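Notes follow once the structure below has been shown.
Protein chains in written order, with my numbering: chain A, 2 to 135; chain B, 93 to 517.
Here's what the structure looks like:
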């Protein structure tokens with residue numbers, strides 16, 4: 002069941018709003034539209050995410066599914082986790098604690114690395130109000 | 093024949109008998125069915141029927157059937173226990189169940205061909221006779237298990253322990269409670285009779301205590317059933333999904349049909365002959381047992397779907413056990429009977445009947461659509477509520493696209509309220 006196809010890990014930008022999401026989509030489109038893409042989005046740097054970010058994820062997921070590939074998420078920051086949970090999009094993805102586990106999960110099932118079982122865990126420290134304002 | 097095994101399904105000891113364990117072995121007096129940290133949470137389950145009445149349910153049963161007979165990841169618990177015993181080289185296995193269950197489709201499907209199945213008005217009285225038969229046939233030891241709880245112990249190791257202890261009876265424990273499994277020397281018929289008559293609660297003489305280290309699930313409530321499926325998928329126990337792992341963490345049974353637009357998120361299980369329609373989503377250790385059907389756009393999250401169950405289109409099943417037209421909500425601790433077949437239905441177990449029913453649905457659907465097309469004056473705005481036309485609330489972004497088009501071209505919407513429609517419409 003293991004696969005020899007490459008796994009692309011993309012680090013998400015710090016802000017996933019309309020402007021940055023569009024830029025990011027342009028950047029990842031060649032990978033997403035490749036044959037049977039295997040992609041991991043690393044959310045460790047994401048500090049702001051809105052509907053555009055969610056739309057970006059769903060669009061990438063749809064494209065990957067069309068081509069018999071998959072998109073997995075890794076190292077969700079608390080901000081991203083809250084938005085994904087709020088919109089209930091978190092349940093549409095396999096979520097891993099870190100990108101390395103997510104990459105390995107393409108070649109073998111890693112039940113202990115999955116993030117949604119049994120509880121959500123916070124990976125990144127929550128930034129202060131001042132950091133958010135900046 | 094050195095060793096034989098008797099499995100008794102259902103017929104738990106009377107609740108008042110708990111704690112009074114007679115000549116309990118080596119100080120392990122507790123015989124409760126209490127929680128072991130794996131699923132059972134101690135509350136009493138009630139059935140909330142659609143008409144608002146609350147009906148108490150029996151422990152270890154779901155819709156009147158023993159949970160041990162229910163399928164978990166492609167095989168019933170009793171089948172898995174039989175397989176485990178056979179794996180340890182025990183070929184003479186009898187499964188005894190209550191007479192009221194005879195003829196039930198669940199029993200018919202659970203019946204393992206490699207064990208003798210027998211119904212009896214009192215399975216414990218029947219067990220006494222079977223024990224005598226095995227003793228006459230030359231068995232040295234007999235393992236007696238009540239299901240009941242699902243316990244993963246090594247039968248070969250248990251037998252070795254029993255022989256080494258030189259006791260007439262060995263009782264199995266885990267670190268928290270009694271496991272309803274004993275080994276009895278076949279020449280100790282009076283000990284056996286006492287045990288069977290007390291439903292494995294009273295011992296005539298002190299018994300050796302075998303401490304098992306493996307996984308145990310009390311299987312008292314549907315919550316425990318769900319927990320077992322989840323633990324199997326997450327590899328917390330030795331229970332393996334009966335199917336082929338097509339992708340890491342995704343198991344498919346034979347002839348399972350998964351639409352290419354359906355999304356399966358690992359870990360999940362789709363049983364033999366099950367159908368997952370377009371844009372359906374199975375996520376968070378969901379198990380869809382054999383010949384169940386998940387219609388278009390339905391999201392099944394952290395749920396177990398029993399065999400021959402139909403889930404309607406565009407619905408959201410979260411934290412549930414669904415089957416036999418019943419829904420058990422695991423977080424609300426409520427059981428609800430659903431009478432609307434568009435939401436949840438029970439499919440017939442007969443394959444020709446299922447084909448005829450599908451043909452009948454198609455035959456009524458097509459003329460209806462044709463008539464609608466002829467009679468409608470305006471172009472249809474949205475797909476009707478017919479099953480095959482419903483788009484996925486979870487996967488399809490038509491709603492948001494409409495919003496963004498209004499906002500101007502390819503721009504993303506920044507309206508979270510619109511995005512909310514993705515996940516839970």
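By construction, the Cβ of each residue, glycine as well, lies at the ideal position given by its N, Cα and C atoms. In this text the structure is predicted, and so the values were computed from the model without any measurement.
Check, Outcome
"Mind pulling the alpha helix (DSSP H) runs of 4 or more residues that sit fully within the region 245–318 of chain B?", "247–257 and 281–289"
"Does any residue of chain A bring its CB to less than 8 Å from the CB of residue 381 of chain B?", "no"
"According to DSSP, is residue 523 of chain B part of a helix, a strand, or is it coil?", "The first residue shown for chain B is 93 and the last is 517, placing residue 523 of chain B beyond what the model contains."
"In angstroms with no decimal places, state the Cα-to-Cα distance between residue 64 of chain A and residue 402 of chain B.", "29 Å"
"Listed from N- to C-terminal order along the chain, which residues in the region 90–110 of chain A have their beta-carbon within a distance smaller than 8 Å of any beta-carbon of chain B?", "90, 92, 93, 94, 95, 106, 107, 108, 109 and 110"
"Less than 8 Å between the beta carbons of residue 48 of chain A and residue 89 of chain A, yes or no?", "no"
"Kindly list, in the order they appear in chain A, the residues whose Cβ is closer than 8 Å to that of residue 324 of chain B.", "Going along chain A, no residue has its Cβ under 8 Å from residue 324 of chain B, so there is no contact; the nearest lies around 10 Å."
"Counting only beta-carbon separations shorter than 8 Å, does residue 357 of chain B have a partner in chain A?", "yes"
"Check whether the region 230–244 of chain B touches the region 308–316 of chain B, counting contact only when three or more Cβ pairs, one atom from each stretch, lie closer than 8 Å.", "yes"
"Which residues bound the alpha helix (DSSP H) around residue 62 of chain A?", "52–67"
"Give me the Cα-Cα distance between residue 188 of chain B and residue 436 of chain B, rounded to the nearest whole angstrom.", "32 Å"
"When the Cα atoms are used, what is the spatial distance from residue 414 of chain B to residue 169 of chain B?", "18 Å"
"With three or more beta-carbon pairs closer than 8 Å as the criterion, would you say the region 323–336 of chain B touches the region 289–298 of chain B?", "no"
"Alpha carbon to alpha carbon, how far is residue 223 of chain B from residue 277 of chain B?", "10 Å"
"Since residue 38 of chain A meets chain B, which of its residues come closer than 7 Å, beta carbon to beta carbon?", "Correct list: empty, because the minimum Cβ distance to chain B is about 14 Å."
"Between the region 326–341 of chain B and chain A, which residues of the former have CB atoms less than 9 Å from a CB of the latter, in chain order?", "326, 327, 328, 337, 338, 339, 340 and 341"
"Would you grab the beta carbon distance between residue 382 of chain B and residue 404 of chain B for me? Rounded to a whole angstrom, and I think it's under 8 Å.", "No, residue 382 of chain B and residue 404 of chain B are not in contact; Cβ-Cβ is about 19 Å, not under 8 Å."
"At what residues does the beta strand (DSSP E) containing residue 9 of chain A begin and finish?", "9–12"
"Do you know whose CA, among A:86, A:46 and A:11, lies nearest residue 31 of chain A's CA?", "A:11"
"Taking DSSP as the reference, what is the three-state secondary structure of residue 443 of chain B?", "helix"
"Looking at residue 57 of chain A and residue 103 of chain A, is the spacing between their C-beta atoms short of 8 Å?", "no"
"Relative to chain B, which residues along the region 57–75 of chain A have a C-beta separation below 9 Å, given in chain order?", "57, 59, 60, 62, 63, 66, 67, 69 and 71"
"Tell me the DSSP bridge mates of residue 188 of chain B?", "B:100 and B:210"
"Work out the CA separation of residue 153 of chain B and residue 36 of chain A for me, nearest whole Å.", "48 Å"
"So what does DSSP say about residue 155 of chain B, is it helix, strand or coil?", "coil"
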